[in-house]
Ligand code: DC
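Residue numbers (this note's numbering): 1361 to 1580.
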């Protein structure tokens, strides 16, 4: 079974997709992590984020390894180094939407995702999974939540990691990423026509997971 989970930043995609995959015994792939790994490598090499060819060179020359670790989700190795936590750092988050606007970078990353999809059952989360990467998915879920709620979630997540953030700044960052992700020319964030939208604003994680499980197990 192939399940695509799309939606804007902070809608809960990776948490939900990982738990749904665990319940169903499927692989889980966090596609945002792949763009984040390219962004981290580019930052380390001092590459200009508007230089598409240089970014493509970064992407094609890096050794990216995604390890599926059930409970923990994906562990991301960049040139042999575990960068799972590093790719969530604010510096990477601030640049990843720009990196992922470049068509050559997307084509390269989407081809990798396509290979993973062809290996069989999977839950993949991202922005263009139902529209571009797995248009043949059995289920397409589009998670949504208000900007305020998404900013609150991100703030809590950062606080758990010991980082204090201003709520106004967080909302601004989310609005900026929404804008970049949904207005870019190449496969923008868009709900697939056959996707089922779930507004998670007033739902907790367990409720959203249950909704998705009910759907895919035919109980909704
Ligand atoms: O889900 P995330 O915050 O880790 O995603 C990081 C960025 O990567 C996001 O701003 C847009 C981009 N992205 C994308 O363009 N396509 C995907 N399938 C996944 C992420």
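Positions of the beta carbon are idealized from the N, C-alpha and C atoms, including for glycine.
Practice item. Report back the beta-carbon spacing between residue 1376 and residue 1565 to the nearest angstrom; my notes put them in contact at under 8 Å. Key: The residue labelled residue 1376 in the question sits at position 16 within the chain shown. The residue labelled residue 1565 in the question sits at position 205 within the chain shown. Going by Cβ atoms, the distance from residue 1376 to residue 1565 rounds to 7 Å, so yes, they are a contact pair.
*Quick one: is residue 1562 buried, meaning 16 or more other Cβ sit within 10 Å of its Cβ, or exposed?*
Taking the first residue of the chain shown as position 1, residue 1562 is located at position 202. Residue 1562 is exposed by the Cβ-count criterion.
Problem set entry | Where the beta strand (DSSP E) through residue 1504 begins and ends | As a first step, residue 1504 must be located in the chain shown, where it is residue number 144. Residues 1499-1504.
Check your understanding: residue 1487 by DSSP, collapsed to three states: which one?
Key -> In the chain shown, residue 1487 corresponds to position 127, counting from 1. Residue state, collapsed to three classes: coil.
Next item on the list: Have a look at 1430, 1521, 1502 and 1551 and flag the residue whose alpha-carbon is nearest the alpha-carbon of residue 1383.
Entry: As a first step, residue 1383 must be located in the chain shown, where it is residue number 23. Nearest C-alpha to residue 1383: 1430.
Heavy atom of the ligand DC within 8 Å of residue 1430 beta-carbon: Position 70 of the chain shown holds residue 1430. Checking the Cβ of residue 1430 against the ligand DC gives no.
Since residue 1470 and residue 1395 are thought to touch, with beta carbons under 8 Å apart, how far apart are those beta carbons, to the nearest angstrom? Sequence index remark: in the chain shown, residue 1470 carries index 110 (1-based). Sequence index remark: in the chain shown, residue 1395 carries index 35 (1-based). That pair is no contact at about 10 Å.
Practice problem: Check whether the Cβ of residue 1392 sits closer than 8 Å to any heavy atom of the ligand DC, and report yes or no. | Solution: By one-based count along the chain shown, residue 1392 stands at place 32. True, at least one ligand heavy atom lies under 8 Å from that Cβ.
Just mark residue 1547 as buried or exposed, buried being the case when its beta carbon has 16 or more other beta carbons within 10 Å. Locating residue 1547 in the chain shown gives position 187, where the first residue counts as 1. Its Cβ being crowded by 16 or more others within 10 Å, residue 1547 is buried.
Subject >> Length of the line joining the Cα atoms of residue 1393 and residue 1387 >> reply: In the chain shown, counting from the first residue as 1, residue 1393 sits at position 33. In the chain shown, counting from the first residue as 1, residue 1387 sits at position 27. Each residue's alpha carbon lies about 15 Å from the other.
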